[in-house]
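Here it is, written out as C-alpha cells:
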C-alpha cells in the first residue's frame with residue numbers, strides 16, 4: 160500500500176478544532192452487519208459522557224440496498240437529526256459518489272480504498288482504508304469477513320476522533336454479551352487493526368474530535384419500542400395480540416422478551432399474560448377488544464396500514480366502551496408508502512378513526528422515557544374511560560437508539576376504573592351499563608364471569624339505551640352520543656398537560672408534538688442566536704387538547720404548528736375545535752420527506768414566514 | 349315459539365329453573381330455524397347446570413348473530429362486528445380462561461366475510477362452542493347468496509349459484525377443530541344431544557346447523573317464494589312483507605336418511621350417522637362428507653372428535669387464574685426488575 164500518497168488529504172489541515180459537535184454518517188449496504196459496529200461507535204461516545212443520538216435510515220429490504228446510520232454527538236445536548244453530515248464513513252460502492260458529492264465543504268471521509276473517492280472533490284478531508292487487506296489476518300474465516308470488516312472503521316474513527324479505546328472495548332463487549340465472548344474478541348481484533356492502520360498511515364487534517372464530558376452519567380441508551388414495551392410490562396398488560404408490521408414489530412418482540420423475563424409467576428413459572436400473533440390486524444384488534452371487554456389489560460401495536468384495517472373495530476370499541484391500548488408506530492403513508500421511514504401521519508386519522516362520530520384520545524411520546532410513562536398512562540386511561548387509547552409514537556422514536564434518563568418506577572397503584580364487583584351489585588341491586596351516574600360521562604361496567612344475577616349486560620355495536628338494551632329510539636341514540644361527548648370532555652382534565660416554555664416578550668410561539676420536539680428546541684436556540692428572535696414553545700403530550708393550548712395561542716400573535724406530515728394534521732385537529740380568532744393565528748411548518756425533522760428546516764421555514 | 353320447553357317448576361343441579369336460562373323475546377321471523385336452535389341452547393345449558401354468570405355469548409352481525417340476546421339473559425353477551433366473532437371470542441377466552449364461551453354466527457358471518465378469522469380460530473383450537481346457523485342466504489340485507497349456498501340454488505331475482513359451497517365441517521376437521529358436527533335446526537333430538545356433547549368438550553366445537561330461512565331462501569316458480577306471494581297476495585306491503593310459517597320439524601333414526609321439505613318447496617336429504625360410527629378418525633370423517641356430498645345428502649351427527657389436542661389456553665402456558673382479575677402484585681414487577689433492565693442499558 161502506498162500509504163504516503165494515499166493518506167494525503169485533498170483539503171489543507173484545519174487549525175481550529177470542532178469538539179463534541181458533529182455528525183458521523185456510516186453509508187453501507189443493509190444486511191452487511193454494520194449495525195453492531197455502528198452501535199459500538201455510538202455507545203463509545205456515550206460512555207465518554209458526550210450527549211449522542213443515532214438514527215438508522217434503512218430501506219424496506221432484507222439485504223443489498225443502501226443504508227445510512229447517523230450518529231450525532233453534541234455537547235449542548237441537541238439530539239435531533241443534523242441536516243449536514245460532517246464525517247462520512249463510505250462503505251457502499253453504490254452510494255459513495257453521491258454521498259461524497261452532497262457533503263458540506265470541510266467534511267471528512269473515511270472510505271474503502273478501491274473506491275478512489277478522493278479525486279471527486281478538493282474541499283474535503285479524505286482517509287482511505289484498505290479494508291480487504293486488513294480483515295484477512297484478524298478473521299481467518301472467510302464468510303465472517305463481511306461482518307468483521309465493519310469493525311475496522313470503528314478503530315479508524317476511534318483514532319481520528321480521539322475515542323477512548325477502553326470505552327470502545329467496553330461498548331463492544333456489552334454489545335456482544337457474555338455468551339458471545341469469542342466473537343467479541345475477534346471483532347476487537349478488527350478494531351485494533353483499524354486503529355493501528357490509522358496510527359501508521361493516516362495524518363489527521365479534519366477538525367472533528369471528541370473530549371470526555373460528564374453529561375451521560377446514569378443515563379441509558381434504548382430504542383423507543385423497547386421503552387414502550389417495558390412500560391407495558393410495568394403497566395400490567397395481560398393480553399397482547401398483534402400482527403407483524405414495520406416499524407412496530409420490534410415493540411411486540413421486545414415486549415415478549417421482557418414479559419418472559421419479568422412476568423412469569425414466581426412459584427409456578429406460568430405466564431401472567433397471553434400473547435397471540437394474529438392472522439391480520441383485524442383479528443389483532445378484535446382479540447384485544449374481546450380481552451378488554453372480558454377484563455384484561457389488553458393492547459395491540461401496529462402502524463398506519465394496520466390502523467386503516469382496525470378502523471371498524473375501533474368504532475366498536477368507542478361505542479361499546481371497551482378499554483384497549485393501541486400503540487401506533489407511525490411510518491410514511493399513504494398506502495405502503497415508505498415503510499422504513501418516519502412520519503407523524505396518523506394524527507388526524509387516529510383522533511377520529513372509524514365511521515360515524517367518534518373521538519379517541521391520543522398520547523404523543525417524544526422520547527423513550529415518555530414511551531415508558533405513557534404506556535402506563537394509556538392503560539390507566541383506557542380502563543378509567545373504558546375506551547380505545549392511542550399512543551402515536553413513530554419510526555424515528557421507535558426504531559432508533561436514544562439516550563435517555565433511566566425510567567422511574569411507577570409509584571401510583573394500578574387503577575382498574577369503574578368496575579362493579581358482585582358485592583357492589585348486591586349493595587346497589589343492579590346497574591345500568593351506560594348510565595352516567597357520576598356526571599362525568601363515564602359509566603360503570605361489570606366483567607364477564609362476575610358471580611351475580613345482576614352482573615350481565617349485552618355489549619353491542621348497534622344502538623342501545625342506558626341499560627345496554629337494543630334501541631333505535633331517537634332520544635336513546637342522542638343521549639348516548641351526548642354522554643360519549645361528555646366523557647371525551649372529561650378527558651381534557653385527565654390527560655397529561657403540555658410542556659410549556661415561555662420566552663419573555665415573545666410574540667410568536669411554536670406548538671409541536673412527539674418527536675418534532677428536539678428539532679423545535681434546537682430551532683428556538685438558532686432563532687435566538689442567529690436572528691435575536693425569542694420564541695415560546697408548547698409541546699402537546701395528548702389529545703384532547705387542554706386549556707393550556709388555548710391560553711398559549713391567546714398570549715402570542717402567531718403560532719407555528721410544527722409537524723411531520725404534508726397536510727398539517729395537528730393544526731387541522733386544532734382548527735376543528737377552535738374559534739376563528741385562534742385559528743387565524745396558526746401557521747404551519749411541515750416536514751415530510753421521510754427523514755426525521757431537523758432544526759435547520761424548522762428555522763428556515765419560520766425565518767421565511769416571518770420575513771426576517 | 350311452538351316447542352314445549354321443560355316444565356318451569358323443574359330445577360337443575362344449581363336449583364335454577366329453565367326460565368333463568370332464557371333471554372329476551374326473539375325478533376326473528378316466525379318459523380325461523382334459528383329460533384329452534386336458541387331453544388336447544390336454552391335446554392342444554394339448563395340441563396347441564398352451567399352457571400349463567402360463567403357464560404360469555406359472542407356473535408358477529410346478521411340474523412343468527414342477534415340470537416345470543418334470546419338465550420341466557422343472565423350471561424354477558426357481545427354482539428360485535430360482521431365476521432369477527434372469532435377474534436372477540438378468542439380475546440375473551442385469553443382474558444378469562446374460566447369463562448364458558450359460546451359463539452353463534454351465520455354462514456355469511458363465518459364463511460364469507462369472516463372466513464379468515466374462522467380458519468385461524470380452528471387452527472388455534474380456541475375452547476368455544478361455535479354454532480353456525482346456516483341458511484345459505486343473507487337475511488338482513490334481503491336475500492343475497494352466501495358462500496354455503498348450494499350449486500343450482502336460485503335467488504329471488506332468478507340468479508343461479510354456480511359456485512361450489514364451502515363446507516365448514518370439512519374445514520373444521522382439516523384445520524384443527526376438535527369436535528365437528530352437523531345437524532338440522534328441526535331435528536330437536538339430534539341437535540340437543542350434539543349440543544350437550546359440545547358443552548362437555550374441552551376444545552373447539554364447530555356445530556353447523558342447517559337452518560332454513562322462511563323469508564329469503566326461495567326461488568322463482570315456488571308457490572311460497574317472495575315474488576309469488578307478492579303477485580298473489582292482495583293487501584301487500586312490499587318491504588315489510590314476511591310470510592308466516594311454522595317451524596320445520598323432523599325426527600329420524602341413526603343410520604337412516606330422511607327427506608325434508610323446505611319452506612321454498614325444495615327437498616333436503618338428511619343422512620344421520622350410524623350409532624356405532626367412530627368419530628375419532630379424521631380420514632373417515634372427511635371421506636364420508638365427500639361421499640355424502642356426491643350423493644346429494646346432508647350428513648348429520650358428530651362427525652369428528654379429538655379429545656387430546658391442546659387448546660390455545662394450554663399452549664400459552666398461562667397461570668391457572670383468569671388474567672382479567674390478577675392483582676397488581678402479579679402483574680407489575682418489582683423495583684428490582686426495572687433496575688435490572690435499566691442497568692443493562694447503561
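Chains as they are written, first to last, in this note's numbering: chain A, 160 to 771; chain B, 349 to 694.
We treat Cβ as the ideally placed atom computed from N, Cα and C, and that holds for glycine.
On a predicted model such as this, the values are computed, not experimentally measured, just so you know.
Chain B contacts made by the region 293-304 of chain A, where a contact means CB separation under 8 Å = Nothing from the region 293-304 of chain A brings a Cβ to less than 8 Å from some Cβ of chain B.
Would you kindly work out how many angstroms separate the C-alpha atoms of residue 648 of chain A and residue 632 of chain A, rounded to a whole number?
-> 25 Å
At least three beta-carbon pairs within less than 8 Å, the region 646-664 of chain A to the region 683-702 of chain A | yes
Please state whether DSSP places residue 674 of chain B in a helix, a strand or coil.
-> DSSP places residue 674 of chain B in coil when its eight states are reduced to three.
Alpha helix (DSSP H) containing residue 774 of chain A: first to last residue?
-> Absent from the structure is residue 774 of chain A, since the part of chain A shown begins at 160 and ends at 771.
Starting from residue 384 of chain A and walking both ways along the alpha helix (DSSP H), at which residues does that stretch end?
-> 383-394
Are the beta-carbon atoms belonging to residue 473 of chain B and residue 552 of chain B less than 9 Å from one another?
-> yes
If we ignore side chains and look at the alpha-carbon of each, how far apart do residue 791 of chain A and residue 762 of chain A end up?
-> Within the shown structure, residues of chain A are numbered from 160 to 771, placing residue 791 of chain A beyond reach of any answer.
Where are the alpha helix (DSSP H) runs, 4 residues long or more, that stay fully inside the region 179-216 of chain A, in chain order?
-> 193-206
Three-pair Cβ contact test at 8 Å for the region 510-528 of chain A versus the region 555-569 of chain A = Proximity of the region 510-528 of chain A to the region 555-569 of chain A meets the contact definition, three or more beta-carbon pairs being nearer than 8 Å.
What separation, rounded to the nearest whole angstrom, lies between the Cα atoms of residue 174 of chain A and residue 327 of chain A?
-> 27 Å
Report yes or no: do the region 640-649 of chain B and the region 531-548 of chain B share at least 3 C-beta pairs separated by less than 8 Å?
-> yes
Collapsed DSSP secondary structure at residue 572 of chain A in the structure displayed | coil
Of all the CB atoms in chain A, is at least one closer than 9 Å to the CB of residue 399 of chain B?
-> yes
With DSSP as the reference, please indicate the residues paired to residue 394 of chain B in a beta bridge.
-> The partner list for residue 394 of chain B (beta bridge, DSSP) is empty, contrary to what the question assumes.
Cutoff 7 Å; reference residue 536 of chain A; Cβ partners in own chain excluding five residues on either side = 522 and 655
Could I get the ranges of all uninterrupted beta strand (DSSP E) runs contained in the region 245-330 of chain A, with 3 residues as the minimum, in chain order?
-> Here the runs fully enclosed are 246-249, 267-271 and 284-288.
Residues bridged to residue 478 of chain B (per DSSP) = B:451 and B:554
Check residue 497 of chain A in the structure and name its three-state DSSP category.
-> strand
Beta-bridge partners of residue 600 of chain B, as assigned by DSSP | Answer is none; residue 600 of chain B lacks a bridge partner.
Cβ neighbours of residue 393 of chain A in the same chain (closer than 7 Å, five flanking residues each side left out) = 535 and 569
Proximity test, Cβ basis, 9 Å: residue 453 of chain A and chain B | yes
Cβ shell of residue 424 of chain B (< 6 Å), same chain only, five flanking positions each side left out | 404
Which chain B residues sit within Cβ distance under 7 Å of residue 572 of chain A?
-> 676
Could you check if residue 400 of chain A is buried or exposed, using at least 16 other CB atoms within 10 Å of its CB as the buried criterion?
-> That one is buried.
Which ranges would you report for the alpha helix (DSSP H) in the region 481-550 of chain B if only whole runs of at least 4 residues count?
-> 516-523 and 536-547
In the structure shown, what three-state DSSP assignment does residue 724 of chain A receive?
-> Correct three-state label for residue 724 of chain A: coil.
At which residues does the alpha helix (DSSP H) containing residue 695 of chain A begin and terminate?
-> Unbroken run through residue 695 of chain A is the beta strand (DSSP E), 694-699; no alpha helix (DSSP H).
Using a Cβ-Cβ cut-off of 7 Å (strictly less than) and excluding sequence neighbours within five positions of residue 581 of chain B, which residues of its own chain qualify?
-> With a pLDDT of only 34 at residue 581 of chain B, under 50, the local geometry of the prediction cannot be trusted, and the value read off the model is given with reservation. Cβ neighbours of residue 581 of chain B beyond the five flanking positions: none.
Just the Cα atoms here: how many angstroms apart are residue 435 of chain A and residue 689 of chain A?
-> Straight-line spacing of the CA atoms in residue 435 of chain A and residue 689 of chain A works out to 53 Å.
Straight-line Cα distance separating residue 512 of chain B from residue 642 of chain B | 12 Å
For residue 570 of chain B, does the count of other Cβ atoms within 10 angstroms reach 16, so buried, or fall short, so exposed?
-> Residue confidence for residue 570 of chain B is low, a pLDDT of 33 falling below 50, so the modelled location carries little weight and cannot support an answer.
Using the beta-carbon count (16 or more within 10 Å), is residue 502 of chain A buried or exposed?
-> buried
Taking Cβ-Cβ distances below 8 Å as the criterion, which residues of the region 228-239 of chain A are in contact with chain B?
-> none
Express the C-alpha separation of residue 609 of chain B and residue 505 of chain B in angstroms, rounding to a whole number.
-> Between residue 505 of chain B and residue 609 of chain B, the C-alpha separation is close to 22 Å.
With residue 618 of chain A as the anchor, note down where its beta strand (DSSP E) starts and where it stops.
-> 617-619
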